[in-house]
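Structure first, commentary second.
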Amino acid sequence: MNIAEFMSTLPENVVRGESVELPEHALLQMFKLAGVKKNDTFFHLGCGQGEAVALAVKKFGVKKAVGVEIDEDAAAKARRKISHLRKNNNAEIVTGDIRDADISGASVVLFWFSDPAIVDAMVKKFRKELKDGARVITIWSPPGMMLPQKVDFPFFVCEKPFKYATSVRQQIKAVYGNKCIDFTAAWLLAERYIDALGVVPGQYRRFVNMLQSMVIWINAWNMGVTCEDGVPPPVNAYLGILREFFGIDMKDLFTRDPKDESMTMMKMPSDDDKMGCC
């Protein structure tokens, strides 16, 4: 099956990310990176069951914490979670679309969405509604073409007035420390992402790392920012393993034709290829 078919076999809540609740250690790392203080007003856009909202009040003593969640069941669970905090009127859950939420009072925003339409809409909203000094925390990458003020991969903090990259390579250099991404970088970035979030069961870690690193490298290839001129042996090897042993064909992710013709054939990796794998 191709990657789209593979995704369709997963439970819908997993595909949409509804079952992914950020663990406390990841939230603490993000809050410390953003310098969350008692005088902050914290917003979590897409707050799920309210873990970040509760933590912002309990551990960081913010002036106010607001969660915005479109799913009514998740919002109801979040309200129950913060019920003991609402007595002081410093914790609130709003049910609705984040694109319609009033965020003008926010000084710290946690925003974790990958849908390009939502990201584009929210970048405009951040520019329009947030005051200077407000910080936007994101996971995996800055929103749009923003340049981050602080980086602790996979967490980023962008502060208003926002700065923007003039090219993808400039943003990649600011985010990853290099203007291009090779196979090793793709593998290590996937590994750091998995370890930082800590939501992948140990027995699936290797498979998820393999799958995620291939997505990273292919996306970099499509944008023309890979360090390699062609498809390197380790990438070809892992794509072959995913196809032969897991039935996942990722050829459809390529929007730019690989220069390495062997890529289109998707051969099983040779022993020499396997030696190059991490």
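Under the numbering used here, the residues of the sequence shown are numbered 380 to 657, in order. Beta carbons are placed, not taken as given, at the ideal position from N, Cα and C, and that holds for glycine.
Pair within 8 Å by beta-carbon distance, residue i and residue j
| i | j | result |
| --- | --- | --- |
| TYR572 | GLN591 | yes |
| ALA470 | VAL432 | yes |
| ILE482 | PHE422 | yes |
| GLU430 | LEU464 | no |
| LEU618 | ASP531 | no |
| ARG548 | LYS558 | yes |
| MET593 | LEU621 | yes |
| ALA444 | GLN428 | no |
| ALA575 | TRP596 | no |
| ILE560 | THR605 | yes |
| ALA480 | VAL502 | no |
| ASN588 | ALA569 | yes |
Cutoff 7 Å; reference residue i; Cβ partners in own chain excluding five residues on either side
| i | result |
| --- | --- |
| ILE518 | TRP491, PRO533, PHE534 |
| ALA500 | ARG478 |
| GLU508 | ILE482, SER483 |
| TYR543 | MET524, MET525, LEU526 |
| LYS653 | Note that LYS653 scores 37 on pLDDT, short of 50, meaning its location in the model is unreliable and no value can be drawn from it. |
| GLU400 | GLY427, GLN428, GLU430 |
Environment of residue i [buried if 16+ CB atoms lie within 10 Å]
| i | result |
| --- | --- |
| GLU451 | exposed |
| PHE562 | buried |
| ASP419 | buried |
| VAL578 | exposed |
| ARG458 | buried |
| PRO612 | buried |
| PHE625 | exposed |
Neighbourhood of residue i by C-beta, 8 Å cutoff - its chain only, sequence neighbours within 5 removed
| i | result |
| --- | --- |
| CYS537 | ARG514, VAL515, THR517, PRO521, PRO522, MET525, LEU526, PRO527, GLN528 |
| ILE449 | GLY425, THR474, GLY475, ASP476, ILE477 |
| PRO637 | TRP600, GLY609, VAL610, THR643 |
| LYS504 | ARG478, ILE482 |
| ARG584 | ILE573 |
| GLN408 | ASP531, PHE534, ALA575 |
| ILE437 | According to the sequence as given, residue 437 is Lys; it is not Ile. Excluding residues within five positions, the ones whose Cβ falls inside 8 Å are LEU464. |
| GLU403 | GLU430, LEU434 |
For residue i: DSSP bridge partner residues
| i | result |
| --- | --- |
| GLY446 | HIS423, ILE472 |
| LYS529 | VAL536 |
| LEU489 | HIS423, ILE516 |
| ILE560 | THR605 |
| LYS503 | For LYS503, which the question treats as bridged, DSSP gives no partner whatsoever. |
| TYR617 | Paired residue(s): none; TYR617 is not in a bridge. |
| LYS542 | LEU526 |
Test: residue i CB closer than 8 Å to a CB of chain C
| i | result |
| --- | --- |
| ILE497 | Absent from the structure: chain C. Only one protein chain is present. |
6 Å CB neighbourhood of residue i in its chain, flanking five on each side removed
| i | result |
| --- | --- |
| ALA435 | PHE421, VAL441, ALA444 |
| HIS552 | Reading the sequence as shown, one finds Lys at residue 552 and not His. LYS558. |
*Are at least three pairs of beta-carbons, each pair with one atom in the stretch 512 to 522 and one in the stretch 487 to 496, less than 8 Å apart?*
The answer is yes - the stretch 487 to 496 touches the stretch 512 to 522, with three or more Cβ pairs under 8 Å.
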